[in-house]
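So the mapping is simple: the working numbering equals the position in the sequence shown, first residue as 1, plus 18.
Don't be surprised by glycine CBs; every beta carbon is placed ideally from N, CA and C.
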Amino acid sequence: MSTSTFSAAQNQASTLYLPPGSWLTVLDCLCEHFSAIGREQWLDRIARGRVLDGQGQPITLDLPYKEGLRIHYFREVPDEKPIPVVESILYADEHLVVADKPHFLPVTPAGEYVEQTLLRRLIRRLDNPHLVPLHRIDRHTAGLVIFSANPQTRSAYQSLFPTRQIDKRYEAIAPALPDLDFPLIHKSRLVDGQPFFRMQEGPGVSNTETAVEVREKNGELWRYGLFPVTGKKHQLRVHMTALGASICNDPFYPDVLKDVEDDYANPLKLLAQGLRFIDPVTGEERQFESRITLQW
Numbered sequence: 019m020s021t022s023t024f025s026a027a028q029n030q031a032s033t034l035y036l037p038p039g040s041w042l043t044v045l046d047c048l049c050e051h052f053s054a055i056g057r058e059q060w061l062d063r064i065a066r067g068r069v070l071d072g073q074g075q076p077i078t079l080d081l082p083y084k085e086g087l088r089i090h091y092f093r094e095v096p097d098e099k100p101i102p103v104v105e106s107i108l109y110a111d112e113h114l115v116v117a118d119k120p121h122f123l124p125v126t127p128a129g130e131y132v133e134q135t136l137l138r139r140l141i142r143r144l145d146n147p148h149l150v151p152l153h154r155i156d157r158h159t160a161g162l163v164i165f166s167a168n169p170q171t172r173s174a175y176q177s178l179f180p181t182r183q184i185d186k187r188y189e190a191i192a193p194a195l196p197d198l199d200f201p202l203i204h205k206s207r208l209v210d211g212q213p214f215f216r217m218q219e220g221p222g223v224s225n226t227e228t229a230v231e232v233r234e235k236n237g238e239l240w241r242y243g244l245f246p247v248t249g250k251k252h253q254l255r256v257h258m259t260a261l262g263a264s265i266c267n268d269p270f271y272p273d274v275l276k277d278v279e280d281d282y283a284n285p286l287k288l289l290a291q292g293l294r295f296i297d298p299v300t301g302e303e304r305q306f307e308s309r310i311t312l313q314w
C-alpha cells in the first residue's frame, strides 16, 4: 500500500492501540475488547483485509498480540438500513468537491451509520478515497458540504473555517416572531446539554454569534435567513429556540422527541443554502448555492 493510499485509508478507518492483556493473538484481543462484535465477524473482516497494521498492511489471523500495537479497522454495521435520499454533486475539480446533502443523510460515519453517509457515497461515486469533509452539518440539516479532494492542498482550505474567511448562509422556517425587531444579532455561550447530544445556552462570555433576518412571512410561519459568524454544534437550532421560534420539525429542540422515526415527508426546516469565499489556491472568488428548497 502506497503512502498516499494508506493515509486515505486512515481517514476512513478507526484506530486502536492494543490495551494491556495476556492474549495470544491480535484477533483474541479484538474479540474481547469489542465484546459486542462476534468472533465470526472479526474473522470475516480480517479475511477481507478490513483490519490493518500500523504500516497499512492487512493483518493475519495469527498475528501475535503486543501491547500498544497500532491497529486500523473499518467500522461496519451489519444490515445497515438504507437511507432513501439522493445527494447531488454541484461542483468538482482536483481540489474541491461541493455536494448538496439531503435531509437525514449523515456527513461522516457515526453510530449506526457507516456506508449510508455522504462521505462514503461520494468516495464510491468519484472513486477518490482521499475525500475529507472540510466542515460538517447535522444529519437533519440539508444543504452544502465542501470536501477536500487533494491532500496536497487540504490545509489551505481547512484554514478558511477557523479563521472565518468563509461566509455561510442558512435558511430556516420557524414560527413568527412579531414582537422582535429584525434584522438582529443573537450572541450566547453554548455548552454541552442533556442528553449528551444536545447543546444549551449557559452563563459566561458568548462563544457563538448568529445574524437573523426575515425573508418571507406566511401567517404563523416565517422564512428566516441565518448567518452564523461562529460554527458551534447545533448553534442555529439553539439560537432560534432561544429567540422563541424553534425550527419546524426539530426532533431535539425545544424538547427531545423520544423514539421518533425519520419522517422523510417532514424534515427539519433548516438548509445550508450558500457558501462564499476566496479560494486560497487560485485566488478566485467561489460562490455555491444549494438547489434544495424548503417547502412551507
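Residue i - containing beta strand (DSSP E), residue span
i: Ile-296; result: 288-296
i: Glu-105; result: First-last for Glu-105: undefined, no H or E at that position.
Closer than 8 Å to chain B by CB, residue i
i: Gly-237; result: Although the question refers to chain B, the structure presented lacks it and comprises just one protein chain.
Cα-Cα separation between residue i and residue j, rounded to whole angstroms
i: Ile-141; j: His-148; result: 8 Å
i: Trp-41; j: Tyr-83; result: 6 Å
i: Lys-250; j: Asp-156; result: 11 Å
i: Lys-322; j: Arg-241; result: The shown model of the chain, from 19 to 314, leaves out residue 322, and the question about it has no answer.
i: Glu-302; j: His-153; result: 20 Å
i: Pro-102; j: Val-223; result: 42 Å
i: Asp-62; j: Asp-111; result: 37 Å
Under 8 Å between C-beta atoms of residue i and residue j
i: Arg-304; j: Arg-294; result: yes
i: Leu-34; j: Leu-79; result: no
i: Phe-245; j: Ala-229; result: yes
i: Leu-286; j: Asn-267; result: yes
i: Gly-161; j: Lys-205; result: no
Residue burial classification, residue i (beta-carbon count within 10 angstroms, cutoff 16)
i: Ala-26; result: In this prediction, Ala-26 scores a pLDDT of 48, lower than 50, which makes its location untrustworthy; the coordinate-derived value is nonetheless stated afterwards. So Ala-26 ends up on the buried side.
i: Pro-181; result: The amino acid occupying residue 181 in the given sequence is Thr; Pro does not appear at that position. By the 10 Å Cβ count, Thr-181 comes out exposed.
i: Phe-200; result: exposed
i: Asp-210; result: exposed
i: Tyr-319; result: Residue 319 is absent from the structure shown; the chain starts at 19 and stops at 314.
i: Gln-291; result: buried
i: Thr-248; result: exposed
i: Arg-187; result: buried
i: Ala-128; result: exposed
i: Phe-52; result: exposed
Enclosing alpha helix (DSSP H) for residue i [first to last residue]
i: Leu-239; result: That residue, Leu-239, is in no alpha helix (DSSP H); its beta strand (DSSP E) goes 239-246.
i: Asp-185; result: Careful: Asp-185 lies outside any alpha helix (DSSP H), inside the beta strand (DSSP E) at 184-193.
i: Arg-63; result: 57-65
i: Ile-141; result: 136-144
i: Ala-174; result: 172-176
Which residues DSSP lists as bridging residue i, in chain order
i: Arg-88; result: Tyr-35
i: Ser-206; result: Thr-226
i: Ile-265; result: Ile-265 pairs with nothing; no bridge assigned.
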